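Residue numbers (my numbering): 28 to 152.
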């Protein structure tokens, strides 16, 4: 049985989410924790915690800090991206797990596309 658990654990990716100012302060210690494979940077929640907007340089600095401490500890970094351009920037910076969109955002986008398509098709010449 212990051998089965060891084998199963090798197939599991353990992520620690860094989404608050307090989490950012402890990111180095979190990254050094045995068993954690990846630090996941949550930009939306981090922006709220820091009291800044999504385009604020302090949010980018927080992401860079997570990348740095994760790299120093030999851990991967993941993050959420709002679009393909954001995903490209995050990957270029060093993120290896990219979440593109959310279920709600993707449903909204699909609904808008269907609605706009119907409006175009139903317009009279």
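Every residue gets a Cβ at the ideal spot worked out from N, C-alpha and C, and that includes glycine.
From a predicted model like this one, the values you see are computed outputs, not experimental measurements.
Could you check whether residue j and residue i sit closer than 7 Å to each other, using their CB atoms as the reference points?
{"i": "residue 102", "j": "residue 56", "result": "no"}
{"i": "residue 125", "j": "residue 114", "result": "yes"}
{"i": "residue 117", "j": "residue 106", "result": "yes"}
{"i": "residue 66", "j": "residue 104", "result": "yes"}
{"i": "residue 49", "j": "residue 73", "result": "no"}
When you compare each of the options to residue i by their alpha carbons, which one comes out closest?
{"i": "residue 92", "options": "47, 51, 35", "result": "51"}
{"i": "residue 110", "options": "128, 120, 99", "result": "128"}
{"i": "residue 100", "options": "61, 33, 142, 148", "result": "61"}
From what residue to what residue does the alpha helix (DSSP H) around residue i run?
{"i": "residue 53", "result": "Run containing residue 53: none; DSSP gives neither H nor E here."}
{"i": "residue 108", "result": "Counting along the chain, residue 108 falls outside any alpha helix (DSSP H), though it belongs to the beta strand (DSSP E) covering 103-108."}
{"i": "residue 138", "result": "130-149"}
{"i": "residue 113", "result": "111-120"}
CB-CB under 8 Å to residue i, same chain, minus the five flanking residues each way: which ones, in chain order?
{"i": "residue 63", "result": "41, 42, 43, 57, 102"}
{"i": "residue 136", "result": "128"}
Counting only the same chain and skipping the five closest in sequence on each side, list residues whose C-beta sits under 6 Å from that of residue i.
{"i": "residue 54", "result": "45, 93, 96"}
{"i": "residue 81", "result": "74"}
Excluding the 5 residues preceding and the 5 following residue i in the sequence, name in chain order all residues of the same chain whose CB lies nearer than 7 Å to its CB.
{"i": "residue 86", "result": "70, 73, 74, 77, 79"}
To test your reading of the DSSP string, which unbroken alpha helix (DSSP H) runs of 4 or more residues are found completely within the segment 36-91? 48-52, 54-58, 70-77
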